[in-house]
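Notes to accompany the following structure.
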Amino acid sequence: MARVKSLHIKKGDVVRVLAGRDRGVEGKVISVDTTRSRVFVEGANRVKRHTKVVQASGRQGTTGGIVTQEASIPVSNVTLLVEVEGKKVPTRVGYERREVEKTRADGTTYTGYRNVRIATKTGEEI
8 MARVKSLHIK KGDVVRVLAG RDRGVEGKVI SVDTTRSRVF VEGANRVKRH
58 TKVVQASGRQ GTTGGIVTQE ASIPVSNVTL LVEVEGKKVP TRVGYERREV
108 EKTRADGTTY TGYRNVRIAT KTGEEI
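Counting with our numbering, you get residues 8 to 133 for the letters of the sequence shown.
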């Protein structure tokens with residue numbers, strides 16, 4: 008069984024590609040593969056897949072053809088972007104434990120802690 012790593016990039020983050028043929032492309036992360044440490048970025052590393060015609064019962068058969076879709080990129084080849092004064096700036100990710108109010112099932116509240124991602128460039132929560 009492969010070890011699942013925790014990555015600093017999450018689904019929905021805006022990133023910039025640092026290496027490869029799509030270097031400089033900015034896009035949103037579609038999905039993250041933690042077992043292989045790879046991410047799928049919208050508009051980057053697009054490849055063509057040839058699909059076969061599938062004959063299914065009824066009208067459910069898929070038509071064949073060439074489909075263009077995103078392939079994965081190593082997570083080390085992307086950097087997170089944050090908005091600073093209307094510009095997208097690359098940043099690293101830090102973590103901080105913040106005190107929060109939590110509520111129990113019976114309605115009582117208590118103070119607890121939770122980890123939040125911090126943009127090291129700005130110090131703000133991502």
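Glycine is no exception: its CB is placed at the ideal position from the N, C-alpha and C atoms.
Item, Value
"Tell me the rounded alpha-carbon separation between R45 and R124.", "19 angstroms"
"Could you compute how far the alpha carbon of N52 sits from the alpha carbon of T58?", "19 angstroms"
"Grab the span of the beta strand (DSSP E) containing L87 for me, first residue to last.", "V85 to V91"
"How many Å lie between L14 and R28 at the Cα?", "23 angstroms"
"Using a 10 Å radius around the Cβ and a threshold of 16 neighbouring Cβ atoms, would you call V61 buried or exposed?", "exposed"
"With distance defined between alpha-carbon atoms, name the residue in T127, V85 and D20 nearest to K35.", "D20"
"Quick check on this structure: which residue in D113, T118 and G114 has the alpha carbon closest to the alpha carbon of E106?", "T118"
"Only counting runs of 3 or more residues, tell me where the beta strand (DSSP E) segments fall wholly within the stretch 39 to 63, in order along the chain.", "45 to 48 and 53 to 58"
"Taking the C-alpha atoms as reference points, what is the distance between V96 and R104?", "24 angstroms"
"Roughly how many whole angstroms lie between the Cα atoms of I16 and R121?", "18 angstroms"
"Among K12, Q76, V54 and P81, which has the Cα closest to the Cα of R23?", "P81"
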